Structure formats: C-alpha cells, structure tokens
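Peer 1: Before we start, here is the structure in question, set down as structure tokens.
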C-alpha cells in the first residue's frame, strides 16, 4: 500500500485518564482523511501525537516508511508534516509577513539540504501571502487579525514548508461563509496541484462529507467506525446531530 | 521596515545620532574627572543592560542572574592578569570566552524551561556564583597578599593607566559599536526566531523553529556583550570584586530594560545610561537605589507596560496603520 503516514497502536494517558486506547490509522499519498469524534473523544490528542507535540505512551508513527515517533514537532515540520491549531496563538509583536517569514525560514534549511530550494525567499513569501489572501494585511500586527485572517495565517504557516501532509485541527469552524469557502478552495487547490495529504479534524460531519475521501470516527479513544464520508451519518449516531453542536474547544 | 525582527520608528536613528553627538562633546564642556568616570561606567552599564535585553527582552528569557556573565569576565581579567600573569589583552580575550561559556551553560540548563523557571534558575546560578566568590580567597603569587571577596582582586593593565578622557571615549565608542551590532543581530534571521519564540513557543515549534537551539544562542550572544562590558569595567575600575556578581546588578538590568522597553534594545540602553548617571552622579546610597528601582518599575508597568520605547513603537505602528488605510476604521 502506498501509505504516507501510519499511526500504529497509539496509546496515551494523562494521569489516570486513558485518552487513546490503541488507535491505528493510515493516510495514503494525496488522500484526504477526516477524523470525526465528539468533544473529548481524543481527536486533538491524536493530532498532537501525529504532529509531534505529544509523545505516545505506546505505539509508533511511520512517515514515508521511517519511524518518527520520537521526532519533535519542529523537526516534523521540516520533514514535511505541518499542522494548524484549533486556537491560533499568533506572535504578539510580529506582523503577518514576519510571522510567515519565521515559518519559511524554519523550513528552509531542511529544504536546502534536500536540494529542493527554488526561487527567492521574498517571492515565495509574497506568493504565500497572495495565496492565503493575506497580502493586503501583510503589515498588520498578527495579534490584531480577525478570526478568519488568523486561520489564513495558520494556513500560510502550514504550507510554507511545502509539506507532504497537513493536519487541519477544526480549521473551518466558526468562520464566515466567505472565509470558509476560500479556505476550502485553497485546500482543494493544494490537494490537486501538490498532492498534499490532509488529516481534517472536525466535529462537523457536513465539512467532512464535503472534503474527505475517507472518514475515521473515534470515540472513547478507539476507532469506532471507518468508511466513506457519505455513510458517516448512517453508522455514527453522533454525526446526526453534529451540526447543531457547533461548540469548540475540547477539554 | 523591509527586514525582519523588531521594527522601530524611523526617527530613532536621528535621535540616537543626536545623543551620541552630545556625549561626544560633553567632556569639552569641562566635566570633572568624577562625572567623566560616572558617564564612562554608564556607557558600560548601557551595553550590559542591552545585553540583558537580547536574552530577556528579544528572546523573552527573563534572566535574573545576568551579572554572572559580567562577573565571569571581570574575574577572568583579574585572575588571569594578577595570578597567572597574562598580558591584559590576552586575559581579556580569555575572559570573553569565559563569559560566553557561562552563557552557553546557563542557556543549555534553561533551554527546556519556561518563564518563571528560567528566572528562578538564572537567579540561582547568579547567586551561587556571588556567594562562592564572596567567600573565595586567592593568594598573590608572592604570597604577600590575599585577594577576593568584597575587597576584590586587582586587574593589571599592561602599560600605564588610561586617562579619564581615553576611557570615556573608548567606552563611548564601545557603546556605539555594541548598540549597532546588537540591533543588527536582533534584526537578522536569528533575531526573528528569538522574537518568535518569545511570543509563542507553540507557533514557533509548529513553524520548524528548534527552540532549545535558539534559546542557547540568545544566551551566548547576550553573555558575550555582558562579558565585553565586564572587561571594560575591569579595565576602567582596575579591580574585580564579588559585587560584580551581585543581585543588584542582575535586578538593575531587568529594571532598566523594563523601563526602557523590553525587546527594543535602544530603550534599555538609553534607560541604563540615564538612570545610572543620575543615581551614581548624585551619590544616592544603594538601599535607596533599590527602593527607587522598585518604585520606577511599578510606575512603568502601570503606565507604560511596554516601557517607554515599546509604547512609542506601538504608537508609531498604529499611526502607520491608520495612515496607510490598513487600520480598522475608528
């Protein structure tokens, strides 16, 4: 199988609370996988383990066939796995363009080592800002951006390392219709043109049905169901009243 | 504005040139040797406070033991010239390395820590060094003298002592050069990484920034400038004492930087220059000085949370946003 990322037997506890009880999931090259689950099901913990923010108690993560379980988040970013955060945490004293520059420089050395460096930094910076629709606000302090622009900034950061895979944590929730449509469009373009794989985390079944090739539903730290997005509502009870519970920020 | 890192308003270079011009001409106005010396040490303290701001302001690793790097350099100069008999320039070079080594060690130890824990660790390191050197006695090669503690150890200069004028202009040149270098560094790629990790470690990590590595680098660069200031101080005063590691020296840097505006380099440097000269020039006793630090720090935090330079920068920035029509409408 042409798997890009494999998370195998992931177990994680916080104190006495077992959050993940042995989760195995795979993401193929160019595949868009949805991760569905109610609040507190362990979605974000799994995302944190896949992106390297947390270490699992047991299990391993393979990326392009290599074991990256002990790799830090910044090293994973340089290796081609990036992510966005449910609650963006912008740099208080940097502008938008400076914030994106940090990420561009952060990934640059690794790309140079792999011989993938093309074009100048300034051009790439401008093109990232244009693609994410932030060019007009580039000299704004990042902390003064609206919620929609903050998500765009998260996107710009995530794609600046030319990733093989992006993990989107509730990136489409609580957005205006226009922001949502533009970010969905951007994601589709990235998927189509650069064959980037996505792991889309959401508690909103409509978004997952719209975007994903496959959906994995987790509950109580286990894989509960896995299949076509269209069948989600049929097999997963929680997905039926998903759109009423537009509540974010899980424990 | 086109480069990276902190972006101060455009008036700053002009204002700094004016300050430098005044300082250049001041000795001709007939200052006595005492005031000349106060200003000379003020220049060194300004560099020392700027070096604190690299670590505690730009990189956000609030250090309360910064005197460690200053004292490492003064003691290096004193021990190597008086005990080992090295010529001063060689001892100074070694002292600079010693300060950088202390910085590398403090950086490596505090890299995994955050916020108040960095402050506590550096406080402990600085105080440990202070206590150690307070009690440590060194014997002169002939065995005629015992040195150390508050009495200090002489720093032997190779050659005749410098005149107050030479020291004044040398220290002023050192300040101008250091300020220029520190601003260059904070506006480089490295400086941008420091500003980023001080603002949000989470976002910086998710941007591929190796946080421990860049924290260590901030400590090394900061300790190099603090060490250079220490060498200047040793040459100027001719003695290294345990006070060079003192808590007052560490706190003073953090206070002056907070007043001037953390993370702006220029603000802390100017604040140190002004306050050092005022406090020393008027001969206020040290107990009153400490009280004064606390009072001014409280007032600054209440009325100018970003410090003077930080508040000015914020104002210039929002004005620019409105002028360019990029700000939100009032």
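Chains as they are written, first to last, in the numbering used here: chain A, 1 to 251; chain B, 252 to 581.
Glycine included, each C-beta is placed from N, C-alpha and C at the ideal position.
This one's a predicted model, so the numbers in the text were calculated from it and none came from an experiment.
#1: Taking three-plus beta-carbon pairs below 8 angstroms as touching, is the segment 34-49 of chain A in contact with the segment 186-195 of chain A?
#2: Ordered along the chain, which non-local residues of its own chain (more than five positions away) have a Cβ less than 7 angstroms from that of residue 338 of chain B?
#3: Using a Cβ-Cβ distance cut-off of 9 angstroms, determine whether residue 73 of chain A contacts chain B.
#4: Return the chain-ordered ranges of every alpha helix (DSSP H) run that is complete within the segment 400-439 of chain B and spans a minimum of 4 residues.
#5: Over the uninterrupted beta strand (DSSP E) stretch that includes residue 225 of chain A, give me the two end residues.
#6: Can you tell me where the beta strand (DSSP E) holding residue 217 of chain A begins and where it ends?
#7: With a floor of 3 residues, list each beta strand (DSSP E) that falls wholly inside the segment 122-194 of chain A, ordered by position along the chain.
#8: In chain order, what residues of the same chain lie with their CB nearer than 6 angstroms to the CB of residue 613 of chain B, ignoring the 5 residues before and after it?
#9: Comparing alpha-carbon positions, which option in A:185, A:202, A:111, A:57 lies nearest residue 84 of chain A?
#10: Once DSSP output is grouped into helix, strand and coil, what is the label at residue 270 of chain B?
#11: Quick one: Cα of residue 17 of chain A to Cα of residue 166 of chain A, how far?
#12: Going straight from the alpha carbon of residue 514 of chain B to that of residue 570 of chain B, what length do you get?
#13: For residue 580 of chain B, collect the residues of the same chain with a Cβ closer than 7 angstroms to its Cβ; drop the 5 residues on either side in sequence, then sort them by chain order.
#14: Taking a cut of 7 angstroms between CB atoms, which residues from the segment 198-210 of chain A lie near chain B?
#15: In the DSSP assignment, find the unbroken beta strand (DSSP E) run with residue 200 of chain A in it and report its ends.
#16: How would you list, in chain order, the residues of chain B whose beta-carbon sits under 7 angstroms from the beta-carbon of residue 94 of chain A?
#17: I need the boundaries of the beta strand (DSSP E) containing residue 17 of chain A, first residue and last residue.
#18: Quick one: which chain B residues come within Cβ less than 9 angstroms of residue 77 of chain A?
#19: Does residue 236 of chain A have its Cβ less than 9 angstroms from a Cβ in chain B?
#20: With 16 other CB atoms within 10 Å as the buried threshold, where does residue 258 of chain B fall?
#21: Quick one, are the C-beta atoms of residue 92 of chain A and residue 450 of chain B less than 9 angstroms apart?
#22: Can you tell me whether residue 404 of chain B is buried or exposed? The criterion is at least 16 other CB atoms within 10 Å of its CB, across all chains shown.
#23: Just to confirm the assignment: which complete beta strand (DSSP E) runs, minimum length 3, are found wholly within the segment 323-407 of chain B?
#24: Got a sec: is the Cβ-Cβ distance from residue 478 of chain B to anything in chain A below 9 angstroms?
#25: Give me the Cα-Cα distance between residue 406 of chain B and residue 445 of chain B, rounded to the nearest whole angstrom.
#26: Can you find a CB in chain B that lies within less than 9 angstroms of the CB of residue 90 of chain A?
#27: Residue 315 of chain B: which of B:374, B:399, B:561 sits nearest, CA to CA?
#28: Any Cβ of chain A within less than 9 angstroms of the Cβ of residue 401 of chain B?
#29: So which residues on chain B does residue 157 of chain A lean against when the C-beta distance must stay under 9 angstroms?
#30: Identify the continuous beta strand (DSSP E) that holds residue 451 of chain B and give its terminal residues.
#31: Give the DSSP-derived three-state secondary structure of residue 580 of chain B in the structure shown.
#32: Who are the neighbours of residue 568 of chain B on chain A, taking C-beta pairs under 8 angstroms?
#33: Go ahead and label residue 137 of chain A buried or exposed: buried means 16 or more other beta carbons lie within 10 angstroms of its beta carbon, across all protein chains shown.
#34: With a threshold of 9 angstroms between beta-carbons, can residue 172 of chain A be considered close to chain B, or not?
#35: To the nearest angstrom, how far is the alpha carbon of residue 19 of chain A from that of residue 38 of chain A?
#36: Is it right to say residue 67 of chain A is buried, meaning 16 or more other beta carbons lie within 10 angstroms of its own, or is it exposed?
Peer 2: In terms of the structure at hand:
#1: no
#2: 409
#3: yes
#4: 415-437
#5: 222-227
#6: 214-219
#7: 165-169
#8: Only positions 252 to 581 of chain B appear in this structure, which leaves residue 613 of chain B out of reach.
#9: A:202
#10: helix
#11: 28 angstroms
#12: 20 angstroms
#13: Confidence at residue 580 of chain B is low in this model, with a pLDDT of 39, below 50, so the placement of that residue should be treated as unreliable; the coordinate-derived value is given next. Counting only Cβ-Cβ distances below 7 angstroms, and skipping sequence neighbours, we find nothing.
#14: none
#15: 197-202
#16: 446, 447, 450
#17: 17-28
#18: 456, 457, 458, 459, 460
#19: no
#20: Here the model assigns residue 258 of chain B a pLDDT of 45, short of 50, so the residue's position is not dependable and the matter cannot be decided.
#21: yes
#22: buried
#23: 388-390, 397-399
#24: no
#25: 35 angstroms
#26: yes
#27: B:374
#28: no
#29: 454, 457, 458
#30: That residue, residue 451 of chain B, is in no beta strand (DSSP E); it is neither H nor E in DSSP.
#31: Unreliable positioning characterises residue 580 of chain B in this predicted model, as indicated by a pLDDT of 39, which lies under 50. The coordinate reading is nonetheless provided below. Coil.
#32: 141
#33: buried
#34: no
#35: 13 angstroms
#36: exposed
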